[in-house]
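See below for the structure under consideration.
See below:
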């Protein structure tokens with residue numbers, strides 16, 4: 040790969056700073072929570088450049104937010120010097136779509152309403168290749184994961200095992216892309232994301248009463264924290280807090296140990312995500328380079344998640360405090 044310098048990101052960094060002005064702030068989130076109706080909450084989003092969602096329903100929300108993500112990917116891809124930066128954020132949709140298609144294949148259900156055409160592989164192409172059992176042209180790690188997950192689902196009929204195979208491949212795929220891009224900031228983002236995923240996995244596994252062997256098979260390599268150390272600490276119970284004591288996930292690990300003793304799992308999950316956001320916020324002090332682009336893409340992803348949580352919560356007439364509990368820290 041040809042060497043890319045920070046100055047090559049000068050134009051797109053300026054573009055990203057302009058886009059950041061329209062991100063959903065904590066103040067706007069609060070206004071959405073305080074709005075008289077779900078429809079009024081959705082109107083706040085017009086200040087962020089979203090079209091009006093009329094009529095407001097699950098399908099309208101899904102279509103609007105998918106279109107927004109697609110626009111962002113296309114906008115930044117047109118100017119970013121290294122397209123693989125965008126691929127890191129597209130990867131999750133490839134694996135989401137494969138999970139949906141394989142489960143639909145196993146159950147005979149219709150998957151179309153659950154698919155998201157936002158990955159590296161167009162949904163139609165993915166469907167055709169799976170139907171034809173011809174995976175040529177699909178990214179190698181994804182290809183191998185499909186073969187193994189499909190075989191596992193066919194022999195065990197256990198969708199959880201198939202999902203674990205695909206989740207492991209997802210982080211492997213992200214890690215490989217970050218390595219290829221040669222960005223220290225992107226590598227840091229991927230590593231802390233893997234650490235957070237491993238911490239979540241360890242806490243959930245202990246709560247479920249699963250064995251150390253089970254946990255060993257589902258931890259992800261590539262994080263800052265060695266998998267063996269996570270496994271050893273998880274086997275020792277409360278020492279997870281000690282393991283992460285000097286890491287950005289310190290508070291999350293403490294909340295995880297509390298969750299093992301009857302504390303709130305939602306609070307723990309929230310702190311895991313907040314640690315990643317805290318890492319990304321360092322990009323605010325970078326004048327230009329790949330860091331602002333990566334941070335914006337991650338912030339936009341978090342924004343879309345927050346919008347779904349708020350609007351679906353308001354439509355279900357959930358109390359504001361319950362919705363608030365599920366929201367993560369805002370990038371802006």
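Numbering (the working numbering), first residue to last: 40 to 371.
In this text, a Cβ means the ideal position worked out from N, Cα and C, and glycines have one as well.
Inter-residue Cα distance where the pair is residue i and residue j
i: residue 73; j: residue 357; result: 12 Å
i: residue 252; j: residue 267; result: 12 Å
i: residue 153; j: residue 319; result: 29 Å
i: residue 367; j: residue 42; result: 36 Å
i: residue 40; j: residue 119; result: Residue placement at residue 40 is poorly supported in this model, since its pLDDT is 47, which falls under 50; the coordinates still yield a value, given next. Straight-line Cα distance between these residues: approximately 15 Å.
i: residue 212; j: residue 180; result: 6 Å
i: residue 107; j: residue 90; result: 10 Å
i: residue 168; j: residue 78; result: 40 Å
i: residue 237; j: residue 314; result: 14 Å
i: residue 44; j: residue 224; result: 14 Å
i: residue 355; j: residue 176; result: 42 Å
i: residue 97; j: residue 347; result: 9 Å
i: residue 351; j: residue 99; result: 11 Å
i: residue 122; j: residue 53; result: 17 Å
i: residue 162; j: residue 284; result: 42 Å
i: residue 360; j: residue 71; result: 13 Å
i: residue 81; j: residue 246; result: 37 Å
i: residue 109; j: residue 159; result: 11 Å
i: residue 85; j: residue 336; result: 20 Å
i: residue 63; j: residue 171; result: 42 Å
i: residue 155; j: residue 101; result: 9 Å
i: residue 290; j: residue 214; result: 25 Å
i: residue 306; j: residue 144; result: 35 Å
i: residue 195; j: residue 69; result: 46 Å
i: residue 345; j: residue 87; result: 13 Å
i: residue 173; j: residue 228; result: 33 Å
i: residue 186; j: residue 178; result: 13 Å
i: residue 275; j: residue 182; result: 36 Å
i: residue 137; j: residue 232; result: 21 Å
i: residue 281; j: residue 301; result: 19 Å
i: residue 95; j: residue 297; result: 38 Å
Residue i and residue j closer than 8 Å at C-beta
i: residue 209; j: residue 130; result: yes
i: residue 200; j: residue 184; result: no
i: residue 254; j: residue 273; result: yes
i: residue 327; j: residue 49; result: yes
i: residue 370; j: residue 330; result: no
i: residue 362; j: residue 349; result: yes
i: residue 166; j: residue 140; result: yes
i: residue 157; j: residue 134; result: no
i: residue 55; j: residue 67; result: no
i: residue 104; j: residue 343; result: yes
i: residue 294; j: residue 279; result: no
i: residue 308; j: residue 239; result: yes
i: residue 193; j: residue 230; result: no
i: residue 226; j: residue 127; result: no
i: residue 257; j: residue 203; result: yes
i: residue 259; j: residue 219; result: no
i: residue 46; j: residue 115; result: no
i: residue 264; j: residue 234; result: yes
i: residue 198; j: residue 249; result: no
i: residue 269; j: residue 292; result: no
i: residue 321; j: residue 287; result: no
Span of the alpha helix (DSSP H) around residue i
i: residue 48; result: Counting along the chain, residue 48 falls outside any alpha helix (DSSP H), and DSSP gives it neither H nor E.
i: residue 177; result: It is not in any alpha helix (DSSP H) - residue 177 carries neither H nor E in the DSSP assignment.
i: residue 331; result: 329-354
i: residue 213; result: 198-220
i: residue 141; result: 123-146
i: residue 113; result: 97-116
i: residue 369; result: Run containing residue 369: none; DSSP gives neither H nor E here.
i: residue 43; result: Premise fails: residue 43 is in no alpha helix (DSSP H) and is neither H nor E.
i: residue 73; result: 65-73
i: residue 169; result: 162-171
i: residue 79; result: 77-82
Proximity test, residue i beta-carbon vs the ligand NAD heavy atom, cut-off 7 Å
i: residue 275; result: Summarising the ligand content, the structure contains no ligands, and the ligand NAD is consequently not present.
- Minimum length 4: unbroken alpha helix (DSSP H) runs contained in the stretch 225-308: 251-257, 266-274, 279-282, 289-299
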